[in-house]
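What follows is a set of notes on a single structure, which appears directly below.
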Amino acid sequence: MWGHILASIYPVILCGGSGTRLWPASRSDQPKQFLKLVGDRSSFQETVLRVKDIPGVAEVVIVTGEAMVEFVTQQTAEIGAKTTILVEPEARDSAPAVAAAAAYVQSKDEEGVVLMLAADHHISQPEIFGEAAVTAAKAAASGLIVTFGVQPTVPSTGFGYIRPGLPLLDGSVREVAAFVEKPDQATAERYLLEGYLWNSGNFAFKAATLLDEFEAFEPSVAAAAKACVSGMDLERGIGRLEPNAFAQAKKISLDYAVMERTSKAAVVPAAFAWSDLGAWDAIWEASARDSEGNAQAGDVDLRGTSNVLVRSTGPYVGVIGVSDIFVVAEPDAVLVCHRKDSQAVKALVDGLKAKGRSIALRRSAAANGTEALVSTDGFDVELRRASAGAAINLAPSTVQVLEGAIEIDGDLYAPGAIIPLEASATAQAKTMTTLLVTRTRR
């Protein structure tokens, strides 16, 4: 059974990034942590469920950007979880976000212990995770900054590693003798033999301890964190970090800012099965598979296949007589790759970006549909396309006709027309039509 600690635990879940290696499913307008890639819930939802009932948990805190607030509120509502959302005004790497969360926790509870987790990881044994989390929290309450080190199952070159040092406290945690970067294959094989652990990127620390370390190593981050939380109001569980104060923090990762410099680093060796779901091979590994090693989702049909992953959210996909491939079909893009080449998807996406292809970053609309162009704190801009005769439902917004013609309440608008809509309206496309729609966030 799970143990207990005297301090309260505040899980802080970081919800940033989009997962380039999981293109075309994951893009900036549908980030991987909110996709239901393994099972019926997203990795974000699984993370919230995994932490909310750990003994001693006082409050679950989500740190995310403005564009993801709606994902967070919808997905927490789906699972009936209550959380506090801290909204970053801009992305400045992990250190400012973590420091702001620590400042928030310290403002509520001077002795509060933060359990800092990524939203996009998969852990298939929540009970074992809970035991490790309580162990880490106990060590953190004593002033250590504890990372979860996962027992490697293969000599992976895709993860950073930790070399454990001497036992600390009651022996349940160990010193971090060294953090090491992603190795080549030969080095990874040696690390496995020498007892190195995968660095999962999840941590436990007392909020006050971490802020003291920021004060010592990156004072601009500590000062910005305290300033952007000071005076912040929570409205329906959402607090927006003060933009000018947050912008004063140095853009730096938690690893570089603190973990590689602190003398307080410790590691709890964790026995749970873990994946960062970083690429399609990791999705295949974490998915339920049939007797031939196949994983499938969506409208797909497999005949004579083995060790394949086939996923479709758009067209029907039939796959016959192949092995060791991945097929991922979205309404606007299809990826086919060999299982061993799943890490190369990033290079494919980088190539699309270099060519200026918006499909690399966001979903594009088909002939009839919507394409999100820009989303900021203040407004959303999208393209709306419709064929002749189609009805277009429009929210209060400013609409510009780029091509074609539309009719609203008997008035006809030609290309170049700009229409301010103070209330919702329905337009009829008179010809094939493209609209630019700007909607102000209220």
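Residue numbers 861 to 1302, in the numbering used here, belong to the letters of the sequence shown in order.
For every residue, glycine included, the Cβ atom is placed at its ideal position computed from N, Cα and C.
Query: Can you tell me whether A1227 is buried or exposed, with buried defined as 16 or more other CB within 10 angstroms of its CB?; Result: Confidence in A1227 is poor, its pLDDT being 48 and thus under 50, which makes the residue's placement unreliable; the coordinate value appears in the next sentence. So A1227 ends up on the exposed side.
Query: Alpha carbon to alpha carbon, what distance is there between V1297 and Q1011?; Result: 50 Å
Query: For the alpha helix (DSSP H) that contains Y964, what are its first and last residues?; Result: 954 to 968
Query: Under three-state DSSP, which class holds M976?; Result: strand
Query: Is the Cβ-Cβ distance between A993 and V1081 less than 9 Å?; Result: no
Query: For A1155 and S1016, what's the separation of their Cα atoms in angstroms?; Result: 22 Å
Query: May I ask you to report which of helix, strand or coil DSSP gives Y1051?; Result: helix
Query: Are the region 996 to 1003 and the region 1019 to 1038 touching, with three or more C-beta to C-beta distances below 8 Å?; Result: yes
Query: So within the region 1121 to 1180, which uninterrupted beta strand (DSSP E) runs reach at least 3 residues, ignoring any that extend past its ends?; Result: 1125 to 1130, 1155 to 1157, 1160 to 1163, 1169 to 1172, 1177 to 1180
Query: Taking 9 Å as the cut-off, decide whether the C-beta atoms of E950 and G925 are in contact.; Result: yes
Query: Restricting to Cα atoms, I'd like to know which of T943, A1133, L1254, E1120 is closest to E1078.; Result: E1120
Query: With a cut-off of 8 Å on the beta carbons, I'd call A1125 and Q966 a contact; round off their distance for me.; Result: Between Q966 and A1125 the Cβ distance is about 20 Å, and since that is not below 8 Å, they are no contact.
Query: So the candidates are W1058, P1027, L1272; which of them puts its Cα closest to the Cα of F823?; Result: Any answer about residue 823 is impossible in this case: the structure gives the chain only from 861 up to 1302.
Query: Under DSSP, the beta strand (DSSP E) around Q905 begins and ends at which residues?; Result: Note, Q905: premise wrong, no beta strand (DSSP E); alpha helix (DSSP H) at 903 to 912.
Query: Just grab the DSSP bridge partners of Y1116 for me.; Result: Paired residues: none, contrary to the question.
Query: Compare the C-alpha of L1243 against each of E1054, L1262, F1186 and name the closest.; Result: L1262
Query: Excluding the five sequence neighbours on either side, which residues of its own chain have a C-beta within less than 6 Å of the C-beta of A1000, listed in chain order?; Result: V973, V1006, A1064, F1065, K1066
Query: Note down the Cα distance separating V917 from D1093, rounded to an integer number of angstroms.; Result: 22 Å
Query: Could you check what DSSP says for L895 in three-state terms: helix, strand or coil?; Result: coil
Query: May I ask which residues mark the beginning and end of the alpha helix (DSSP H) holding D1210?; Result: 1205 to 1214
Query: Look up G1061 in the DSSP assignment and say whether it is helix, strand or coil.; Result: strand
Query: Using a Cβ-Cβ cutoff of less than 6 Å, which residues in the same chain neighbour Y1176 once the five nearest sequence positions on both sides are dropped?; Result: D1159
Query: For I869, name the three-state secondary structure that DSSP assigns.; Result: strand
Query: So, helix, strand or coil for L881, using DSSP?; Result: The amino acid occupying residue 881 in the given sequence is Arg; Leu does not appear at that position. The answer is helix: DSSP assigns R881 an H, G or I state.
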